[in-house]
Amino acid sequence: MKKIKSLPILILFSGLFAVINTFEDSYTRKNNIDTPFDSAEMPVIDVNELIIQDQNSGPGVPMRFSYAFEVNLNMGNSGTWHTLDDGSLVWKLGIKSKDAFGIKVLFDSFYLPDDAELYIFSNEDDMSIGPYTSKQNNIEETFGIPLVKSDHIVIEYYQPKKTSNSPKLSINKVFHAYKDIHNFYGERNNRDCGDNVACSNASSWEDQINSVIYLEMGQYICSAALINNTNQDKKPYVLTAYHCVEGEGNLGQQNWFTFYFNHQSSSCNGGSGYYGQSETGSYIRSWGNMNSSDFALLEMNDDPASWWNPYFAGWSRYSSQTLGAGIHHPGGQPKKINFDNDTASNCGWYANNTHYCLNWDQGGTAGGSSGSPLFNSSKLIVGQLSGGSGAECSGSGTDYYGKFTHSWSNNSSSSYNLKYWLDPNNSGVFTLQGTYDGTTIVYGCTDNSACNYDPNATNNDGSCEYAQGSCNCNGAPTGNYCDCNYNYNDECGVCDGDGSSCEEIECIEGWDENPGARGCTPQDCSFRDHYVELSALGANIFGLSTQNSEYQKEMVERLHLPFLVLSDVNFKFCDAMRLPTFEVNGMHLLKRVTLIAQSNIVEKVHYPIFPSDSDAAWVIEQLSH
24 MKKIKSLPIL ILFSGLFAVI NTFEDSYTRK NNIDTPFDSA EMPVIDVNEL
74 IIQDQNSGPG VPMRFSYAFE VNLNMGNSGT WHTLDDGSLV WKLGIKSKDA
124 FGIKVLFDSF YLPDDAELYI FSNEDDMSIG PYTSKQNNIE ETFGIPLVKS
174 DHIVIEYYQP KKTSNSPKLS INKVFHAYKD IHNFYGERNN RDCGDNVACS
224 NASSWEDQIN SVIYLEMGQY ICSAALINNT NQDKKPYVLT AYHCVEGEGN
274 LGQQNWFTFY FNHQSSSCNG GSGYYGQSET GSYIRSWGNM NSSDFALLEM
324 NDDPASWWNP YFAGWSRYSS QTLGAGIHHP GGQPKKINFD NDTASNCGWY
374 ANNTHYCLNW DQGGTAGGSS GSPLFNSSKL IVGQLSGGSG AECSGSGTDY
424 YGKFTHSWSN NSSSSYNLKY WLDPNNSGVF TLQGTYDGTT IVYGCTDNSA
474 CNYDPNATNN DGSCEYAQGS CNCNGAPTGN YCDCNYNYND ECGVCDGDGS
524 SCEEIECIEG WDENPGARGC TPQDCSFRDH YVELSALGAN IFGLSTQNSE
574 YQKEMVERLH LPFLVLSDVN FKFCDAMRLP TFEVNGMHLL KRVTLIAQSN
624 IVEKVHYPIF PSDSDAAWVI EQLSH
């Protein structure tokens, strides 16, 4: 995975600079023993028949992606043992399943001694996972591994000479992925099931996006979300749908469930995501079946890594809700976001009044979206997806979400309600905000220059309101604005003008098509409107223009630019960088150009720029790659 650290970016009204630092992290297996080893080969499956079965499956069935082979493979009857020169031991077992997009296995007996290590990798060396160690041992002695890209995987166990205890490794299930849910081979189309969460319309939902999880079970995939509890102790509770876990054996310890975090595209139009941030194993704490609100509350065996930036979403158990968004993984794709601004309608799935039903204003769902959270307008979870006629990415049908309020205390047993787990001290609260670190997050306006500044707010929700034009928050005029709508006289004396009314300019043929003539305001505003996205990519933004500082100060205030603007009125910087300029009617003017530099070396150039408001999107695309 690539992670972009904090970096300075210089955005000129005529250009841009960036310094980008990246590092890689990956799994690496300890041993590479070039000796023969035994492989177990699975029978050939009829993929077409499986697909027909999937197409004919009824409602309340999660998306199946794999076929499960029942096997008995262990260290005594399968694989090959090797003794290394230093006395350490290695056991290797190959597993083949013809034409599989990927393979995963379930250990029904799993125990690793201290200092021992377990690796799983593709025979082609395209992918490796590990090491697993004694930290993965559990009381159930079961364990599952994530999907590995290959139709021939290799399991490698390493044990140093000093190890005294004996390992236990026995495989009872091999899963053959007949659908390319991870898009390993680029077979999947990026279906229109909502916008990527990297799109600008999702910027105010960043926290909630960080809560959503891609859930991979044995044969099925769903979506889910980390959820907060009133102790705010970051206990890794995960909310999903009951029908996602119903077919996965006895409800209880599920050590083959894999939870993928941040499986999302870094760009608005991207079609791929990252699978390197995952934890395996969970316990089902409570559930409500299909005749109820179709919910399941899982507790992960391990905490997600803090550097994954996991967000524990807040919730509301009020019955009446104004909706906001749904965030999900349709077909296992990178995270998508849907929007609906209506009041939630009460309806039933298998029983009356157990669900909210809705028709999306924007976006849709698909197989794999099941279990995904529904957020209200206050960005709190109010339900999880059961399914519906809208589950074909069209957005034209009705989707059904199990009510959080129904799941809360509809049943008095702790095994069948959320209350016992999410409000362990019986506080009785009806809403709970989300958290990253156990500190309550309060949404509101955090800009102390705004009229509606909220000193108690911790996260800006985009609601800030400012004085209009030459009027302050109380309606009194202030500043040098020409009206109360943030407008200022241009050089031609026109209120909110762009200079186009000046006689010497408006008569110039092709003026608007010249990069650098007009369009500074749209360009500045585009960087302002995408400031959150640029900052998320690690950017610190500065502006530079050839106007004087007094003019720049007025412009920054009028346009509410969140970045500094520097003056190059004498063209010293522009001339040194040989930036493009042009002459017209005795005026020396600078053309718009964007530069991206790393370690003070220019690596990317955007020129010409037209229309001018397209520049920020180009920068985001470049930094995302």
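Reading the sequence shown from the start, the letters are residues 24 to 648 in the working numbering. The beta carbon of each residue, even a glycine, is placed where N, CA and C say it ideally should be. Here the structure is a predicted model, which means the values were calculated and not measured.
Cβ neighbour criterion (16 or more within 10 Å) applied to residue i
i      : result
Val642 : buried
Ile601 : Per the sequence shown, the amino acid found at residue 601 is Arg instead of Ile. Result: exposed.
Thr345 : exposed
Ala540 : Bear in mind that the predicted position of Ala540 carries a pLDDT of just 47, short of 50, making it unreliable; the figure below should be weighed with that in mind. It counts as buried.
Cys518 : exposed
Val588 : buried
Val592 : exposed
Asn100 : exposed
Ala328 : exposed
Phe550 : buried
Tyr466 : buried
Asn44  : Residue placement at Asn44 cannot be trusted, given a pLDDT of 24 that sits under 50; the coordinates are not used to answer.
Val177 : buried
Gln78  : exposed
Ala599 : exposed
Gln575 : buried
Lys172 : buried
Pro333 : buried
Chain-order list of residues whose beta-carbon lies under 7 Å from that of residue i (same chain, five-residue window excluded)
i      : result
Gly102 : Phe60, Asp61, Trp114, Lys115 and Leu116
Tyr50  : Note that Tyr50 scores a pLDDT of 32, beneath 50, so its modelled location is shaky; the value from the coordinates is reported in the next line. Only Ser151, Ile152 and Gly153 meet the Cβ criterion.
Asp484 : Ser227, Tyr466 and Gly467
Glu526 : Confidence at Glu526 is low in this model, with a pLDDT of 45, below 50, so the placement of that residue should be treated as unreliable; the coordinate-derived value is given next. Within the same chain, Glu526 has no close Cβ partners at all.
Leu403 : Gly337, Trp338, Ser339 and Thr454
Gly461 : Gln255, Asp256 and Lys257
Glu164 : Ser132, Phe133, Tyr134 and Lys191
Glu644 : Ser290
Ala480 : Val465, Tyr466, Gly467, Cys468 and Thr469
Leu107 : Val113
Anticipated Cβ contact below 8 Å, residue i with residue j, distance rounded
i      : j      : result
Leu192 : Asn97  : 6 Å
Gln242 : Ser89  : 5 Å
Ala225 : Ser290 : At roughly 12 Å, the Cβ-Cβ gap does not stay under 8 Å, so Ala225 and Ser290 are not in contact.
His266 : Ser412 : Rounded, the Cβ-Cβ distance is 16 Å, inconsistent with contact.
Leu646 : Leu560 : 4 Å
His352 : Tyr237 : 5 Å
Ser111 : Gln182 : 6 Å
Asn251 : Phe335 : 4 Å
Ile619 : Phe586 : Wrong, their Cβ atoms sit about 16 Å apart, outside the cutoff.
Asn475 : Cys494 : With a Cβ gap of about 15 Å, Asn475 and Cys494 do not count as contacting.
Cβ-based neighbour list, residue i, same chain, cut-off 6 Å, excluding 5 preceding and 5 following
i      : result
Gly355 : Ile204, Ile244 and Gly391
Gln287 : Val220, Gly296, Pro357 and Lys358
Lys202 : Phe88
Lys119 : Ser62, Glu64 and His175
Ser157 : Leu135 and Asp137
Ile360 : Gly217, Asp218, Val220, Ala225, Ala348 and Ile350
Ala374 : Asn314
Val405 : Ser339, Gln344, Leu397, Asn399 and Phe427
Ser368 : Cys380
Ser342 : Thr428
Val628 : Leu618
Ser437 : Tyr443
Run of the alpha helix (DSSP H) containing residue i, from where it starts to where it stops
i      : result
Glu64  : Note, Glu64: premise wrong, no alpha helix (DSSP H); beta strand (DSSP E) at Ser62 to Glu64.
Leu23  : Nothing about residue 23 can be read from this structure; the chain reaches only from 24 to 648.
Leu646 : Asp638 to Ser647
Ala17  : Nothing can be reported for residue 17: it is not among the residues displayed for the chain, which extend from 24 to 648.
Val579 : Ser572 to Leu582
Cys597 : Lys595 to Ala599
8 Å CB neighbourhood of residue i in its chain, flanking five on each side removed
i      : result
Gly167 : Lys127, Val128, Leu129, Phe130, Gly241, Asn278, Trp279, Phe280, Thr281, Thr303 and Gly304
Val452 : Thr253 and Asp446
Phe691 : The displayed coordinates of the chain run from 24 to 648. Any statement about residue 691 would go beyond what the structure contains.
Ala264 : Pro85, Cys245, Asp317, Phe318, Ala319, Ser393, Gly394, Gln407, Leu408, Ser409 and Gly425
Asn364 : Thr345, Leu346, Gly347, Asp384 and Ser400
Cys597 : Ser37, Thr569, Asp591, Thr604 and Leu613
Terminal residues of the beta strand (DSSP E) in which residue i lies
i      : result
Leu129 : Gly125 to Tyr134
Leu587 : Leu587 to Ser590
Cys245 : Tyr243 to Leu249
- Message: I'd like the ranges of any beta strand (DSSP E) spanning at least 3 consecutive residues and lying wholly in the region 278-352.
- Response: Correct list: 301-311, 318-323 and 346-351.
- Uninterrupted beta strand (DSSP E) stretches inside the region 370-398 (no shorter than 3 residues): Runs found: 378-381.
- Query: Along the chain, which unbroken stretches of the alpha helix (DSSP H) at least 4 residues long are found entirely within the region 425-495?
  - Reply: Taken in chain order, the whole alpha helix (DSSP H) runs of length 4 or more contained in the region 425-495 are 427-432 and 442-445.
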